[in-house]
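The numbering of the sequence shown is my numbering, which starts it at 92 and goes up by one.
Backbone N, C-alpha and C define an ideal beta-carbon position, used for all residues, glycine too.
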Amino acid sequence: MTSSSYFSSRYIRVVWPLAVAETLLWAAIYYVFPAMLPRWEIEFGWTRAELTGALTLCLIVSAICAPFVGALIDRGKGRRNMIAGGIVSAAVLAGLSQTSDIVVFYGLWIVMGVAQSVCLYEPCFAILTRLFADSAKRAITVVTLVAGLAGTVSFPAAHLLSEAFGWRIALLVFAGVTLVATIIAAWALAGAEENYQEPAAKPQQKSGLKSALGSPVFWLLAIAFAMTSVNHGALLSHLLLILQERKFELGTAVLAASMIGPMQVIGRLGMMAIEAKGFSIVAVGLLSFSLVMIAATALYFAEALPALVAVFVICQGAGYGVISIVRPSITASFLGRLDFGAISGAMAIFSVLGFALAPTLASFIWARGGYDTVLICAFGATTTGLAIFLLAIKLAGANRQTDD
Numbered sequence: 092m093t094s095s096s097y098f099s100s101r102y103i104r105v106v107w108p109l110a111v112a113e114t115l116l117w118a119a120i121y122y123v124f125p126a127m128l129p130r131w132e133i134e135f136g137w138t139r140a141e142l143t144g145a146l147t148l149c150l151i152v153s154a155i156c157a158p159f160v161g162a163l164i165d166r167g168k169g170r171r172n173m174i175a176g177g178i179v180s181a182a183v184l185a186g187l188s189q190t191s192d193i194v195v196f197y198g199l200w201i202v203m204g205v206a207q208s209v210c211l212y213e214p215c216f217a218i219l220t221r222l223f224a225d226s227a228k229r230a231i232t233v234v235t236l237v238a239g240l241a242g243t244v245s246f247p248a249a250h251l252l253s254e255a256f257g258w259r260i261a262l263l264v265f266a267g268v269t270l271v272a273t274i275i276a277a278w279a280l281a282g283a284e285e286n287y288q289e290p291a292a293k294p295q296q297k298s299g300l301k302s303a304l305g306s307p308v309f310w311l312l313a314i315a316f317a318m319t320s321v322n323h324g325a326l327l328s329h330l331l332l333i334l335q336e337r338k339f340e341l342g343t344a345v346l347a348a349s350m351i352g353p354m355q356v357i358g359r360l361g362m363m364a365i366e367a368k369g370f371s372i373v374a375v376g377l378l379s380f381s382l383v384m385i386a387a388t389a390l391y392f393a394e395a396l397p398a399l400v401a402v403f404v405i406c407q408g409a410g411y412g413v414i415s416i417v418r419p420s421i422t423a424s425f426l427g428r429l430d431f432g433a434i435s436g437a438m439a440i441f442s443v444l445g446f447a448l449a450p451t452l453a454s455f456i457w458a459r460g461g462y463d464t465v466l467i468c469a470f471g472a473t474t475t476g477l478a479i480f481l482l483a484i485k486l487a488g489a490n491r492q493t494d495d
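And the structure:
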């Protein structure tokens, strides 16, 4: 596929609008939590663990919903899912702007978990894999190149709007942005799923999902990617507080958090360049795991050497940004495209649970050992994930040789 195909009529009609929609959705309904966390801590007087517990429940609910959402996508319901998710998300943000009660706060974030499960990356990637088949990775790359800027949009916007009008008005603005994103996604997918043809199952493969769940490769990949989610969820949700503890001013911390998005974009562009040189998607995945490990190490020593914050931003953004593309591509490559929505949803349970547990887990670790211990644990999670990923690669290779 040449570079001009990225601007073919199908890409202009479906992929680029979805990329814009995902950027706005991630900015408004996910990154808004870490962006607002320091303000909520001051405003409400709740503990850090109490606040991040709401995000944990949100993401647990999202994980539980993921396989059901994937099955709906396999039946051609992706567009309806995204519309419903966007509308509910906007309503939740509007509700959050009016509450000061912790029970209501938790309840709204639980509802947000349902909404996120039907309109963020995992369902979007499943829809693209369904529509673009073997060329889905390029479509996914386009979406993540643009949506990688979501944090760059969210952190400064939340900061500036909150400073100017207060955080409650800022949330209402984000609710409006969510509705705009929903309209864009609905337009992009109008008529797209009706032209889809389900791939034929092999005679011995009546269910792609059943076959995947019976494969050790599925479980190894799920756990490996979940470990990176634990790392990223812990560091991202606490990043402003980690940097403030390391004597960085809030404005500097916001800038650092905002730059992770552009680094994700740069990382994905680098991935495209590396693949053009003949490197496999597996090799790119190994490099990504390594970059995330370097990032945690750099942030650990950033107080002594402030310039290491730049190393953290570059490696964390580029490394995890590429992992988000590697995950669906390797899953489809190793486990097949039949029932991919359901397979992807089942695997997403582990990654989303990693995100879900990480913020609250990091809060408890911080309360007992400070953010140094949090960073050590984040490094250990990614190291464990890399080892499991290597085992999955080895086992998948052995399985392919057996099939041959």
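Can you list the alpha helix (DSSP H) stretches of 4 or more residues lying completely in the segment 227-258, in chain order?
227-238 and 241-256
Within this structure, are the beta carbons of I405 and M362 separated by less than 8 Å?
It is not a contact, given that the beta carbons lie outside the stated cut-off.
Would you mind sorting S454 into buried or exposed? The rule is 16 or more other CB atoms within 10 Å of its CB.
buried
What span of residues does the alpha helix (DSSP H) with W131 cover, start to end?
V123 to F135
Three-state class that DSSP yields for A281 in the structure shown:
coil
Q288 burial status per 10 Å Cβ neighbour count (16 or more: buried)
Only weak support exists for where Q288 lies, its pLDDT of 47 falling under 50; the coordinates are left without a value.
Exposure label - L396; buried when at least 16 CB within 10 Å:
exposed
Using only alpha-carbon positions, find the residue among T232, L163, S153 and V356 that is nearest to T243.
V356
Taking 8 Å as the cut-off, does the segment 454-464 touch the segment 168-176 (at least 3 CB pairs, one atom from each stretch)?
The segment 168-176 makes no contact with the segment 454-464, as fewer than three CB pairs between them are under 8 Å.
With distances taken between CB atoms, is the gap from I314 to I479 smaller than 8 Å?
Yes, these two residues count as a Cβ contact at 8 Å.
Does the pairing of the segment 458-477 with the segment 186-204 give three or more beta-carbon distances under 8 Å?
no
Nearest-angstrom beta carbon gap, G257 and D430 [assumed within contact, 8 Å]:
The Cβ separation is near 47 Å, so there is no contact.
Express the C-alpha separation of G267 and V183 in angstroms, rounding to a whole number.
Between V183 and G267, the C-alpha separation is close to 11 Å.
So, A374 versus R337, is the Cβ gap smaller than 8 Å?
no
Could I get the ranges of all uninterrupted alpha helix (DSSP H) runs contained in the segment 440-489, with 4 residues as the minimum, in chain order?
none
Sorted by chain position, which residues of the same chain lie with C-beta nearer than 6 Å to R418's C-beta, five sequence neighbours on each side aside?
F316
Pick helix, strand or coil for S99, following the three-state DSSP scheme.
coil
Distance, Cα to Cα, V105 vs T138?
43 Å
Buried or exposed, going by whether 16 or more other CB atoms sit within 10 Å of the CB of A255?
Exposed: under 16 other Cβ atoms inside 10 Å.
Excluding five sequence neighbours on each side, which residues of the same chain lie with their C-beta closer than 8 Å to the C-beta of G352?
The residues are G239, L240, A241, G242, T243, V244 and G408.
Relative to the alpha-carbon of A249, which residue among V237, T235 and V264 has its alpha-carbon at the smallest distance?
V264
For K168, which three-state DSSP category applies?
coil
Apart from the five residues just before and just after T422, which ones in its own chain have a Cβ nearer than 7 Å to its Cβ?
L312, I434, S435 and M438
What do you reckon, are the CB atoms on T269 and A181 nearer than 8 Å?
yes
I believe L219 touches A227 by the beta-carbon criterion, under 8 Å. Please report the beta-carbon distance rounded to the nearest angstrom.
5 Å
Cβ neighbours of A261 in the same chain (closer than 7 Å, five flanking residues each side left out):
A249, L252 and S253
Taking the straight line between their C-alpha atoms, what separation do you get for C468 and T232?
30 Å
I'd like to know if the segment 377-388 and the segment 315-333 are in contact, where contact means that at least 3 CB-CB pairs between them fall below 8 Å.
Yes, the segment 377-388 touches the segment 315-333.
Could you compute how far the alpha carbon of E132 sits from the alpha carbon of G471?
28 Å
Rounded to whole angstroms, what is the Cα-Cα separation between G186 and R359?
Distance between the alpha carbons of G186 and R359 is about 35 Å.
Which whole-angstrom value is the C-beta distance of A154 and I440, which I expect to be below 8 Å?
5 Å
Are P214 and I164 touching if we call contact CB-CB under 8 Å?
yes
Give the range of the alpha helix (DSSP H) segment to which P397 is assigned.
Careful: P397 lies outside any alpha helix (DSSP H) and carries neither H nor E.
Measuring straight from C-alpha to C-alpha, what distance separates L448 and L466?
15 Å
Out of S306, H329 and Q189, which one is the CA nearest neighbour of F246?
H329
Using a threshold of 8 Å, state whether the C-beta atoms of S208 and V160 are closer than that.
yes
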